[in-house]
Ligand SMILES: CC(C)(COP(=O)(O)OP(=O)(O)OC[C@H]1O[C@@H](n2cnc3c(N)ncnc32)[C@H](O)[C@@H]1OP(=O)(O)O)[C@@H](O)C(=O)NCCC(=O)NCCS
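Residue numbers (this note's numbering): 576 to 754.
The structure is reproduced here in structure tokens:
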């Protein structure tokens, strides 16, 4: 397996991976929504605000994870939100998702990211260090429909302390349906 965060020129196969995987797991409508989200993330986000990690085998992309910036207007820490994540249906349950996320988190730590947040299944994301957090510790850009899925971790030695000010996400996530 090869791990990389080079995605320029490979946007379409990455979008296709997300659309197909979510179609298999959640149905065609959700597959289309997630495919559109990833298209919007990959084509409409300024480079410093986006990181896309992929796992590849024999030239085929088998997994992907998208990280995009969150900014807080009274806090200068570097914060990214993880989502979505997909492992091609035929290869799920082999540990590829956890390895990809571990590789991604190690890379973001080396790049100086302070905090990573995600919004998903606590039982899965706790395997790579995420813990439940409240919206007062880590404000979200919109009121969360499932606050129990709001998770975060510090990538530095520093303890996770409240992020200050109003949260803003990248344009692709700027829609309450995603929150
Ligand atoms: C969720 C997903 C990314 C996990 O990747 P993966 O490579 O299949 O997972 P891993 O092999 O690293 O880990 C598998 C373990 O996680 C567990 N797991 C997988 N999805 C889970 C979930 N939603 N909640 C809790 N546990 C989960 C599995 O039961 C398995 O447990 P085991 O090791 O005790 O058998 C992948 O299954 C996927 O793409 N699913 C469809 C799309 C999706 O739901 N994406 C996440 C939301 S953005």
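Where is the CB? At the ideal position from N, CA and C, for every residue including glycine.
Check	Outcome
Sub-9 Å separation of residue 643 and residue 747 beta-carbons	yes
beta-carbon residue 661 near ligand 1 non-hydrogen atom, thresh 8 Å	yes
Segments assigned alpha helix (DSSP H), at least 4 residues, entirely inside the segment 657–736	671–685, 697–700
Rounded separation between residue 598 and residue 589 - CA only	14 Å
Rounded distance between the beta-carbons of residue 663 and residue 596, thought under 8 Å	6 Å
Pick from 652, 714, 659 that is closest to residue 608, judged by C-alpha positions	659
Three-state secondary structure (DSSP) of residue 639	strand
Residue 582 (DSSP reduced to helix, strand or coil)	coil
CB contact flag (residue 602, residue 594, <9 Å)	no
Element boundaries [beta strand (DSSP E), containing residue 629]	625–632
Residue 703 beta carbon less than 9 Å from that of residue 671	no
Buried versus exposed call for residue 737 [16 or more other C-beta atoms within 10 Å across all chains shown]	exposed
From 604, 648, 585, 744, residue whose alpha carbon lies closest to that of residue 628	585
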